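In our numbering, the protein residues as written are 2 to 1071. Positions of the beta carbon are idealized from the N, C-alpha and C atoms, including for glycine. Fair warning: this is a prediction, and the values are worked out from it, not measured in the lab. Below: the structure, in structure tokens.
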């Protein structure tokens, strides 16, 4: 039977794919059908990893705030004109002159002083109006969520709250009556007396890049100031300061809409779509999380500690653990858990979740004792949020103890999803709690957030079953919540947004990666038909946060630098700079030039003289070096550098096919010496040390070969599961043959898998063992190579691979001990190598041939919205030098090179596309830039860029594209063109990048960064981190300039002519 397999390598900016056919009856007929690479931009800001929508959202929020402030101040002015006999016209500017109300003279009194004077004397109408307007314009900070300073997470908000509380305390301590009086006397007068006036409000100092918030004022303090001020004015006989005016002023100046509930934004329950997910902070959610941890630990204990628990005993232990954890804020430690589970006598048992390798130094006088930390002092489980709520409501302890679990859950959900006091009061009124407790909860200073995938309804069904000892999946089965097979399968994958289960994927980076994965899969299926299987690998960074991805990038950079350092050392000491020697040198450096197992010094001569020569005498053999796998390779499939150490061969022979603990567990002195030695190796990574001192590896029985392969073959991360479930739920596959999975019996669950998500470590090893070159990250073609390796990563060759590793590792040690065993090993080793033969004939050459034929497909960016203009406002004088004085600036404004809005000059925002024209008589090409601003105003520009200035130094007028020019095509970023300059022998394909608005030259990018032809080398001269570029390419005299369409699979066709598209947004005014 022929099996068609699609390999997919998914990254955050790339999709590599490879389609193969495997003839299970005759491997000679297996073949590579096709392969390719799809590239796309990352759905985030490359500088800080923030959402691409964030700048737009912040700008929109700022515009709304400014608009609301203008409306509020206008209403205040109307109020003041009504009550204080001031003409409304006096507040309004005419002919850009200062309004009458704001004109000052030598007798001008600062509003800050008036706010202080108003407490001790009667203010006239204008003075009173200035004070009220001064306060209304900046009405103080108000956090409607009522989150306390201790629980708030936003750094800036926390600084503001600290400053508000500090100023409030200073005001009370110094005896100031109002915050305005304090600001005047403490800051304003102080600066004036020094002769250097400083703004009383928050400001950015010359030496600081950040704004100081030390003079932040709370809104409540301003409200109190208004009350005190009105009261004082009435006391001094100001008849205008009426109660009616005070109320009207307060209603306008301090009005703020209630915060909306964001309950509607909470995702749906995984099993009940009409129910919202539960807050992660509610009691039932904490109990669910803790139960999962307890049950998994009990399974581990029974498996590796030799304990056997009856069903009743399991239930008893679960209740005891939960009860102990619920009693105290700190929860229970692993040490306490060991006592509850009666494991105090089982010394060699270690909990899998703990790191038993951490070591600490303790000084006792002049001596320094090295001790191993007690990892079991760490917390096992706790009800953190439950106790946080309990402490918050400590004054209602008697009532709290009587609250049901359901009421506790509802309280957590309500205060987590609602921040408005009004909405909180409404929702809490339905609960059976006292009015005093309700008012305390309305203050809501708990900062509860986050959700789990289950609703309270689902939790109430699952929890009683889990308390009986069933794990999560068993509980779902018993509660009949597991999804039944649906009939959603289609010929092609639907968009995530059209699916029921996966439409709530909020991570934009993951969303875009899966969207492009869907396009690639669907395109392959349209061209080549259905497949039997899809093998998927996800890059490490997919689904990672920006910080985590930056950490990965940093690790990769450090790895490169270590490789370069090792290469330099190899050349210095005369060691051949091959991969094996470079690895030895890197391990030698990170081990502080010491053999980890023996503690002996490894000299540079030992590295240099390390040759496999059996003729050497025993003394020289003592200096022979080997790279050892800490966890035996045949048992771990871990060939990473963090599982390798450089050691002397003699001591490695003693270790044999064992872990360090299995080797030294009978010699306590040597084991303790090894632990102390590791403490001195500062450069050795913690996870390497952890493997060296791991006592549990031998106990982790993997059982059957099928279970072993499943654990090592599959990547079970969240994103991997999401892609796998999405594909399996909605895509039709060709039927698999009965014996497709040779490690699971017929009828066993998952015995036939259409989707396999493979660990990246496996493909890396297979790439090496199949003789393919290591990744060249300068070109994107390696993604397709990885995809082909994935496609050929079948259960049968994985079995052969593990057998080969086993025979290879065991064989070395057996050969040392007996010639007869060595002979037997050589036979089995040859067989293993035969089983691990290339998946197809001439695999390397055919893979290279297939990969080199690829034309990489890039996703074009056809978005026409974006920043209309830069934020910085400039005057005309700022542009005189660039454009040639007043006349040049005016011409630049007419051409749309810069924009004038409300009297200010701005630089253009995004150039969303360029329109290419060709002169009918001379055949020259011209470029017309189209900006997002043009799109917004709905006016299509029609002038092509002309470079240079006239004799007067004024920029030249651009060329009008009239009837003498014909429109050719529009170019968006990453559109493909066919191009040939006069210096090129043949045309080449290039992706459009950008246009220089000053010169009219264009920049293009090579598709793969692998230059093969002479024409490519002539055209793409600039090499940058982003690839090979053709910068500042003039287009007027091009021999060939055509727009092309590249499919998702990399197929190229010349674009059909389309008339020039008009530009108009839905919001553009007609």
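Which listed residue (the options) has its alpha carbon closest to that of residue i
{"i": "residue 756", "options": "274, 158 and 724", "result": "724"}
{"i": "residue 39", "options": "866, 780, 877 and 873", "result": "780"}
{"i": "residue 122", "options": "577, 502, 238 and 984", "result": "238"}
{"i": "residue 1030", "options": "1038, 1037 and 1021", "result": "1021"}
{"i": "residue 791", "options": "603, 760 and 772", "result": "760"}
{"i": "residue 175", "options": "187, 889, 588 and 164", "result": "187"}
{"i": "residue 787", "options": "537, 351 and 508", "result": "537"}
{"i": "residue 588", "options": "668, 604 and 943", "result": "604"}
{"i": "residue 462", "options": "289, 333, 231 and 297", "result": "289"}
{"i": "residue 866", "options": "935, 493 and 687", "result": "935"}
{"i": "residue 941", "options": "53, 925 and 896", "result": "896"}
{"i": "residue 184", "options": "111, 245, 159 and 234", "result": "111"}
{"i": "residue 977", "options": "966, 1004 and 984", "result": "1004"}
{"i": "residue 632", "options": "651, 581 and 690", "result": "690"}
{"i": "residue 134", "options": "254, 246, 164 and 222", "result": "254"}
{"i": "residue 938", "options": "46, 1064 and 236", "result": "1064"}
{"i": "residue 514", "options": "492, 540, 501 and 933", "result": "540"}
{"i": "residue 69", "options": "138, 85 and 117", "result": "138"}
Span of the beta strand (DSSP E), counted from its first residue to its last, around residue i
{"i": "residue 37", "result": "32 to 40"}
{"i": "residue 694", "result": "First-last for residue 694: undefined, no H or E at that position."}
{"i": "residue 990", "result": "989 to 996"}
{"i": "residue 902", "result": "899 to 902"}
{"i": "residue 787", "result": "Careful: residue 787 lies outside any beta strand (DSSP E), inside the alpha helix (DSSP H) at 783 to 792."}
{"i": "residue 629", "result": "626 to 630"}
{"i": "residue 318", "result": "Taken as a continuous stretch (DSSP letters only), residue 318 belongs to no beta strand (DSSP E), being part of the alpha helix (DSSP H) at 312 to 328."}
Contact under 8 Å by Cβ, residue i with residue j
{"i": "residue 1006", "j": "residue 990", "result": "no"}
{"i": "residue 532", "j": "residue 734", "result": "yes"}
{"i": "residue 426", "j": "residue 443", "result": "yes"}
{"i": "residue 161", "j": "residue 217", "result": "yes"}
{"i": "residue 325", "j": "residue 384", "result": "no"}
{"i": "residue 653", "j": "residue 627", "result": "yes"}
{"i": "residue 861", "j": "residue 975", "result": "yes"}
{"i": "residue 387", "j": "residue 11", "result": "no"}
{"i": "residue 53", "j": "residue 233", "result": "no"}
{"i": "residue 870", "j": "residue 843", "result": "no"}
{"i": "residue 489", "j": "residue 271", "result": "no"}
{"i": "residue 898", "j": "residue 998", "result": "yes"}
{"i": "residue 319", "j": "residue 295", "result": "yes"}
{"i": "residue 165", "j": "residue 219", "result": "yes"}
{"i": "residue 268", "j": "residue 452", "result": "yes"}
{"i": "residue 222", "j": "residue 169", "result": "yes"}
{"i": "residue 306", "j": "residue 344", "result": "yes"}
{"i": "residue 447", "j": "residue 393", "result": "yes"}
Per DSSP, the bridge partner or partners of residue i
{"i": "residue 1", "result": "Given that the chain is displayed from residue 2 to residue 1071, the structure contains no residue 1 and the question cannot be resolved."}
{"i": "residue 927", "result": "918"}
{"i": "residue 24", "result": "3"}
{"i": "residue 18", "result": "9 and 37"}
Continuous alpha helix (DSSP H) stretch holding residue i: start and end
{"i": "residue 378", "result": "Neither: residue 378 is in no alpha helix (DSSP H) and is coded neither H nor E."}
{"i": "residue 935", "result": "933 to 938"}
{"i": "residue 648", "result": "Here residue 648 belongs to no alpha helix (DSSP H); instead the beta strand (DSSP E) covers 645 to 649."}
{"i": "residue 81", "result": "55 to 84"}
{"i": "residue 907", "result": "Counting along the chain, residue 907 falls outside any alpha helix (DSSP H), though it belongs to the beta strand (DSSP E) covering 905 to 908."}
Cβ-heavy atom distance, residue i to the ligand NAP, below 7 Å
{"i": "residue 559", "result": "This structure simply doesn't include the ligand NAP, nor any ligand for that matter."}
- Are there three or more Cβ pairs, one per stretch, closer than 8 Å when the region 280 to 296 is compared with the region 403 to 421? yes
- Contact between the region 469 to 484 and the region 413 to 424 (3+ Cβ pairs under 8 Å): no
- Message: Does the structure place the region 949 to 956 close enough to the region 889 to 898 that three or more beta carbon pairs sit under 8 Å?
- Response: Yes, the region 889 to 898 is in contact with the region 949 to 956.
- Message: Does the contact criterion of 3 or more C-beta pairs under 8 Å hold for the region 394 to 401 versus the region 332 to 346?
- Response: no
- Query: With contact counted as at least three CB pairs below 8 Å, one residue from each stretch, are the region 960 to 975 and the region 908 to 922 in contact?
  - Reply: yes
- Message: Quick check: the region 588 to 601 against the region 571 to 580, are at least 3 beta-carbon pairs closer than 8 Å?
- Response: Touching, no.
- Message: Counting beta carbon pairs with one atom in the region 922 to 931 and one in the region 1032 to 1046, are three or more of them shorter than 8 Å?
- Response: yes
- Item | At least three beta-carbon pairs within less than 8 Å, the region 344 to 352 to the region 300 to 314 | With a cut-off of 8 Å on Cβ pairs, the region 344 to 352 is in contact with the region 300 to 314, counting three or more such pairs.
- Task: Taking 8 Å as the threshold, find out whether the region 56 to 65 comes into contact with the region 875 to 883 through three or more Cβ pairs.
- Result: no
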